[in-house]
Amino acid sequence: MEEKKWGGSRKGAGRKPTGRNTINITLTIKKDEAERLRKIAENEKLTISQLISKAFNLSEPQKN
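Under numbering that gives the first Met the number 0, the first residue of the sequence shown carries the number 0, and numbering increases by one thereafter.
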């Protein structure tokens, strides 16, 4: 059988690092609660992530 010459890892392949110091967290909440979060964030001109950081005094949110 012939050895395949395609696939596998390649130097320089893949997504490049963004330099961001963040992680993704999944949150399970009710639909009406999610909508309230979206509306509050929109009124504050923040993302939902920024709103949660602000609400829990985790850090100063950076505006876009």
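The C-beta atom is built at its ideal place from N, Cα and C for all residues, glycine as well. Just so you know, these numbers come straight off a predicted model, no measurement behind them.
- Its Cα nearest to that of L26, the residue L36 stands out among L36, R19, T17, G18.
- Here the alpha carbon of K10 sits roughly 38 Å from the alpha carbon of L57.
- A direct Cα-to-Cα measurement between S48 and R14 gives close to 23 Å.
- In this structure, A40 places its C-beta atom within 8 Å of the C-beta atom of T46.
- Per DSSP, S58 lies in no alpha helix (DSSP H) segment and is marked neither H nor E.
- Per DSSP, reduced to three states, the secondary structure at K38 is helical.
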